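Reviewing the structure listed below.
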Amino acid sequence: MAKDYTKMWSDLEINLEAHNGLLGVLTDAYTNIYISQKNRPEGMKYFDFVISEVHGLRIEEILEAKKQGRKIIGTFCVYVPEEIILAVEGLCIGLCAGADVGTDEAEKYIPKNTCALIKAFMGFKLAGLCPYVQTADLIVGETTCDGKKKAYELFNEMTNGKVYVMEVPNKKTEDGKSLWRNEVKRFASKLEDISGKRITFEKLKEASKIVNEKRKSLQRLASLRSVDPAPISGLDALLINQIAFYDDPVRFTAKVNELCDELEERVEKGIGVSKKGSARLLISGSPMAIPNWKLHAIVEGSNAIIVGEELCVGERNFATLLDENFSTIEEGYQKIADRYMTINCACFTPNDERLNDIVRIAKRVKADGIIHYAIQFCTPYMIEATKIKKVAQEMNIPFLRIETDYSMEDMGQLKTRVEAFLEMLGKGSNV
Ligand code: BJ8
0 MAKDYTKMWS DLEINLEAHN GLLGVLTDAY TNIYISQKNR PEGMKYFDFV ISEVHGLRIE
60 EILEAKKQGR KIIGTFCVYV PEEIILAVEG LCIGLCAGAD VGTDEAEKYI PKNTCALIKA
120 FMGFKLAGLC PYVQTADLIV GETTCDGKKK AYELFNEMTN GKVYVMEVPN KKTEDGKSLW
180 RNEVKRFASK LEDISGKRIT FEKLKEASKI VNEKRKSLQR LASLRSVDPA PISGLDALLI
240 NQIAFYDDPV RFTAKVNELC DELEERVEKG IGVSKKGSAR LLISGSPMAI PNWKLHAIVE
300 GSNAIIVGEE LCVGERNFAT LLDENFSTIE EGYQKIADRY MTINCACFTP NDERLNDIVR
360 IAKRVKADGI IHYAIQFCTP YMIEATKIKK VAQEMNIPFL RIETDYSMED MGQLKTRVEA
420 FLEMLGKGSN V
């Protein structure tokens with residue numbers, strides 16, 4: 000980090016000693032996993048910089064925005080409509096955590112057999128390690144899986160009443176959709192209340208454009224990965240999709256598009272990060288919050304390439320654009336609500352649309368294999384894996400099912416399973 004941020008962290012009541020330790024571990028992990036990759040695009044320098052300042056400059060920017068009267072809205076789920084947050088000039092920040100931090104503390108409140116994502120967001124707060132939670136004016140939860148739903152009740156107490164919960168229905172019936180439309184409007188009123196700003200038609204239009212442009216840039220990146228050889232690693236693409244939840248959306252979109260210009264040149268020249276014909280994998284399942292790079296590091300360290308993620312930190316976040324063609328605020332809310340209902344999370348029943356998504360993405364990226372990734376104890380995705388396996392079999396695509404947490408204890412075992420799977424694919428290697 001370029002600057003000394005000790006005072007800023009201390010003002011945010013960060014546990015300085017533990018935080019220094021955490022930054023040290025993250026820097027080492029990033030160097031080993033990311034910087035050591037060969038033949039990375041130049042455009043990744045920006046994203047390396049963002050990571051190096053993820054608890055520094057970005058927090059400084061957020062605090063500056065707060066001084067100017069903007070509200071900081073923390074979220075945990077891709078169902079929370081970013082457009083509405085931007086329409087009140089708020090900053091939308093993802094709070095999901097992907098590291099084994101504060102687990103002992105979290106387990107004093109929640110069962111050991113809770114998924115690592117929930118343990119981590121609680122653990123980061125309890126261990127005094129998350130400057131994002133500290134800066135948030137409102138923390139938006141949702142009624143998706145049971146673990147999150149109940150954890151938000153405790154998290155509300157831990158954050159002195161900052162949590163607001165959106166009710167996400169379990170079924171996409173007409174009743175479910177109508178409940179959700181009302182929830183979107185209730186959220187808009189809540190944001191107007193806490194920000195003291197009214198959502199105007201112009202603001203909603205402008206915000207919708209900003210978020211759609213971000214989605215388009217991520218779609219562009221995703222489609223460039225369909226080429227063989229892939230011009231960018233799965234690790235780097237995952238990182239960009241993780242940063243999508245933290246960075247300023249306009250700046251982020253510009254940087255992703257710049258990178259895509261470079262990737263297009265690479266494609267024209269036939270330059271890839273892997274050899275043509277390397278095994279191409281699609282990952283599907285639970286979200287991979289930053290800095291969860293475990294599976295990608297294992298797969299790409301085993302000479303295969305990941306070419307797509309049917310994850311919330313991936314396709315589910317950008318696959319559908321909002322129909323910007325609305326002529327009143329009311330119609331805008333309706334279109335926003337309908338757009339978010341196109342996300343196919345395993346918390347819904349039935350969720351057959353997710354199977355269609357996987358077929359579509361697997362074809363587009365020309366996947367040789369599908370790895371289903373579920374965070375241990377993430378019941379919705381663990382159970383839905385059975386259906387995904389059936390779909391993969393119908394497509395004649397080899398399938399591997401993995402359940403893991405954020406610890407590094409099973410790295411050896413996972414590596415062995417991934418290598419055996421890749422051997423079965425019988426494709427060339429990228430070394
Ligand atoms: S739309 S996937 S971001 S709910 S990993 S906490 S599901 S037990 S995060 Fe999610 Fe929204 Fe769905 Fe996406 Fe529960 Fe599973 Fe833990 Fe999870």
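To convert, note that position 356 of the sequence shown is 355 in numbering that gives the first Met the number 0; the numbers rise steadily by one, no gaps. No residue lacks a Cβ here, since even glycine has one placed at the ideal position from N, Cα and C. The model shown is predicted, which means the values in this text are computed figures rather than measured ones.
task = Can you give me the Cβ contacts of Y29 inside the same chain, cut-off strictly under 7 Å, excluding the 5 residues immediately before and after it?
result = I50
task = Would you tell me roughly how many angstroms separate the C-alpha atoms of L94 and E141, rounded to the nearest one?
result = 13 Å
query = What do you reckon, is the C-beta of L153 under 8 Å from a heavy atom of the ligand BJ8?
reply = Checking every heavy atom of the ligand BJ8 against the Cβ of L153, none is found closer than 8 Å.
inquiry  = Quick check on this structure: which residue in K389, N155 and A384 has the alpha carbon closest to the alpha carbon of Q375?
reply    = Ranking K389, N155 and A384 by Cα distance to Q375 puts A384 first.
ask   = Under the rule that 16 or more other beta-carbon atoms within 10 Å means buried, what is T348, buried or exposed?
value = Under this definition T348 is an exposed residue.
query = If we ignore side chains and look at the alpha-carbon of each, how far apart do I13 and V100 end up?
reply = In this model, I13 and V100 are separated by some 14 Å (Cα to Cα).
key: Distance, L15 Cα to D246 Cα   = 24 Å
message = Closest to V306 by C-alpha separation, out of L223, G175 and F120, would be which residue?
response = L223
request  = Thinking K70 and V87 are a contact (beta carbons under 8 Å), I'd like their distance in whole angstroms, please.
outcome  = 7 Å
ask   = Taking buried to mean at least 16 other C-beta atoms within 10 Å of its own C-beta, is M423 buried or exposed?
value = Exposed.
key: Residue environment, A206, which counts as buried when at least 16 other CB atoms sit within 10 Å   = With 16 or more neighbouring CB atoms inside 10 Å of its own CB, A206 falls in the buried class.
ask   = If you measure from the CB of C91, is any heavy atom of the ligand BJ8 nearer than 8 Å?
value = Relative to the ligand BJ8, C91 has its C-beta separated by 8 Å or more from all heavy atoms.
ask   = From the DSSP output, which residues share a beta bridge with G307?
value = L281
query = Does the Cβ of D404 have 16 or more other Cβ atoms within 10 Å, making it buried, or fewer, making it exposed?
reply = buried
ask   = In terms of residues, what are the limits of the alpha helix (DSSP H) holding A391?
value = It spans T378 to E393 - the alpha helix (DSSP H) in which A391 sits, taken as one unbroken run.
query = What residue range is occupied by the uninterrupted alpha helix (DSSP H) comprising G146?
reply = In the DSSP annotation of this structure, the continuous segment of the alpha helix (DSSP H) that includes G146 starts and ends at D145 to M157.
ask   = Just to confirm, does T385 get its C-beta within under 8 Å of one of the non-hydrogen atoms of the ligand BJ8?
value = The answer is no for T385.
query = Does the beta-carbon distance from R279 to D337 come in below 9 Å?
reply = no
inquiry  = Let me confirm a value: E201 is counted as buried when at least 16 other C-beta atoms fall within 10 Å, else exposed. Which label applies?
reply    = exposed
message = What would DSSP say about E205, mapped onto helix, strand or coil?
response = helix
request  = Could you tell me if V312 is buried or exposed, where buried requires 16 or more neighbouring beta carbons within 10 angstroms of its beta carbon?
outcome  = buried
ask   = Assuming A288 and G425 make a contact with CB atoms under 8 Å, what is their CB distance in whole Å?
value = About 33 Å; that fails the 8 Å criterion.
query = In three-state DSSP terms, what is F244?
reply = coil
Unbroken alpha helix (DSSP H) run spanning F420, endpoints = M410 to L424
query = According to DSSP, what are the bridge partners of G73?
reply = DSSP, once it has assigned bridges, lists I92 and I138 as partnering G73.
ask   = Is DSSP giving F347 helix, strand or coil here?
value = coil
request  = Would you mind working out which of D47, L90, D3 and R315 sits nearest E60, comparing C-alpha positions?
outcome  = With distances taken between Cα atoms, E60 lies closest to L90.
request  = Determine the closest residue to V162 out of L153, N169 and P168, with distance taken between C-alpha atoms.
outcome  = L153
task = Starting from the C-beta of N211, find all residues in its chain whose C-beta is less than 8 Å away, skip the five residues before and the five after it, and write them out in chain order.
result = L320, L321 and E323
query = Between the C-alpha atoms of N169 and G411, what's the straight-line distance to the nearest angstrom?
reply = 37 Å
inquiry  = Rounded to whole angstroms, what is the Cα-Cα separation between G331 and K124?
reply    = 35 Å
request  = Identify which residue in L128, G146 and Y131 has its Cα closest to the Cα of T113.
outcome  = G146
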